[in-house]
Amino acid sequence: MGIAKPIIGKVIFKGIVHAETALHIGGGREKIEIGGIDNAVLVDPITKEPYIPGSSLKGKMRSVLERRVAIEKHPDDPSKFFTRNVGTSTYKLWIHVCDTAEDAYNCPVCRVYGSSGGEGNQGSNFPSRIRVRDGVFPKYTVEWLRNADTDLLFTELKSENALDRVTAASNPRNVERVPAGADFTLEIVYDVEDLSQLEEDLKNILFSLSVIEDDYLGGMGSRGYGKVKFYFTEVIARRAEFYKEGTANSEKILFLDVPDVDRKTPEPPDYDELKTTADLIERINEVVEFFEGTNG
Ligand SMILES: [Zn+2]
């Protein structure tokens, strides 16, 4: 049986991802012709600018929440939460996915990040409640990096020594990375489908973002890469009626007094003016109350 997915509204988080240390999100381009870059970053094929794939941030958010829920559900053996092998029979890679839409609806991980039914015809899918857009450079980061004295167009090269665990031989390689200080646009859209789960879902999204700030995004995290900070310019809460009628009381915008940062922004923002994940956690109840109609 399917699960009804009513549209009560949407919550849209807008802001930026600020790279506090250099960021490496791999592109899988193995070696480019000259320069011997073993580890290239993912770039947009048209603009040649590095970007953060929405799927990459979403995957990290999901895994952070999975690890917390695993301990909550199975305090004695959190590995029980990771029920599906997406590796091979020899090299197992266990992840958490609910097998049916009914289970997913009641699972704080799968109902937000989605699930696909298990093998065979037993399972059923639960579409994700969030979409994470790709993070792209605002204009001021493009201009800064285009003119910066780095090795490549928008990136720099760092030689990292990887020790071969078998031979103990050192194996230097060039890692391409986006320099510290770069910004990327951030947009996360959450579908409100069940008011009784709204507060928990929003708090879990912000939980994941806070943990990532103390962890890392992308590769080479153990070498200090990928420390990011999220800054927010707007949180927009829209009831379903907004999309039909566009009426003023069907939309609520938090942090209206903060300047937007988007693809076209020519100058870096005053970061102190922007809102942090902690600021959002403090005010997220205003969004919940808006949908519950007590603060519309
Ligand atoms: Zn689940």
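Each residue of the sequence shown is one higher than the one before, starting from 107 at the first, in the working numbering.
Even for Gly, the Cβ is constructed at its ideal location relative to N, Cα and C.
Span separating the alpha-carbon of Glu136 from that of Pro285 | By one-based count along the sequence shown, residue 136 stands at place 30. By one-based count along the sequence shown, residue 285 stands at place 179. With a pLDDT of 46 at Glu136, under the threshold of 50, the predicted position of this residue should be treated as unreliable, and no value is reported.
Have a look at Ala155 and Val149 and give me their C-alpha separation to the nearest angstrom.
-> By one-based count along the sequence shown, residue 155 stands at place 49. By one-based count along the sequence shown, residue 149 stands at place 43. The sequence given here has Glu at residue 155, not Ala. One C-alpha to the other measures close to 5 angstroms.
Over what stretch of residues does the beta strand (DSSP E) that includes Lys335 continue unbroken?
-> Within the sequence shown, residue 335 is the residue found at index 229, counting from 1. Under the DSSP assignment, Lys335 falls in the beta strand (DSSP E) whose first and last residues are Val334 to Arg345.
State the DSSP-derived secondary structure class of Ile236, mapped to helix, strand or coil.
-> Numbered from 1 along the sequence shown, position 130 holds the residue referred to as residue 236. Here Ile236 sits in strand by DSSP.
If Thr383 sits next to Glu319, beta carbons under 8 angstroms apart, how far is it from one beta carbon to the other, in whole angstroms?
-> In the sequence shown, the residue the question calls residue 383 occupies position 277. In the sequence shown, the residue the question calls residue 319 occupies position 213. Rounded, the Cβ-Cβ distance is 7 angstroms, consistent with contact.
Compute the minimum distance between the beta carbon of Ala286 and the heavy atoms of ligand 1, and state whether it is under 7 angstroms.
-> Counted from its first residue, the sequence shown places residue 286 at position 180. Not one heavy atom of ligand 1 is found less than 7 angstroms from the C-beta of Ala286.
Does the distance from the C-beta atom of Leu360 to that of Glu340 stay below 8 angstroms?
-> Looking up residue 360 in the sequence shown gives position 254. Looking up residue 340 in the sequence shown gives position 234. In terms of Cβ geometry, Leu360 and Glu340 form a close pair [threshold 8 angstroms].
Can you find a heavy atom of ligand 1 that lies under 7 angstroms from the Cβ of Ser314?
-> As a working note, residue 314 is residue 208 in the sequence shown. Flag unset: Cβ of Ser314 not near ligand 1.
Could you tell me which residues DSSP pairs with Val94 in its beta bridges?
-> Because the chain here runs from 107 to 402, residue 94 falls outside it and cannot be looked at.
Give the DSSP-derived three-state secondary structure of Asn212 in the structure shown.
-> As a position in the sequence shown, residue 212 is number 106, starting the count at 1. DSSP places Asn212 in coil when its eight states are reduced to three.
Residues of its chain near Phe336, where Cβ-Cβ distance is below 7 angstroms and the 5 sequence neighbours each way are ignored = Counting from one through the sequence shown, the residue named residue 336 turns up at place 230. Cβ neighbours of Phe336 within its own chain (closer than 7 angstroms, five residues either side excluded): Gly121, Val123, Leu292, Leu315, Glu319 and Thr383.
In three-state terms, what does DSSP make of Asn231?
-> Looking up residue 231 in the sequence shown gives position 125. Coil at Asn231, not helix or strand.
Compute the Euclidean distance between the alpha carbons of Val393 and Ala343, then round it to the nearest angstrom.
-> Stepping through the sequence shown from its first residue, residue 393 is reached at position 287. Stepping through the sequence shown from its first residue, residue 343 is reached at position 237. When rounded, the distance between both Cα atoms is 6 angstroms.
What whole-angstrom Cβ distance do Pro214 and Val248 have, given they're in contact under 8 angstroms?
-> Along the sequence shown, one-based indexing puts residue 214 at 108. Along the sequence shown, one-based indexing puts residue 248 at 142. Contact between Pro214 and Val248 does not hold, since their C-beta atoms are separated by about 38 angstroms, which reaches or exceeds 8 angstroms.
Compare the Cα-Cα distances from Val147 to each of Asn277, Arg283, Gly352 and Asp378 and report the closest residue.
-> The sequence position of residue 147 within the sequence shown is 41, counting from 1. Check the Cα spacing between Val147 and each of Asn277, Arg283, Gly352 and Asp378: the tightest is with Arg283.
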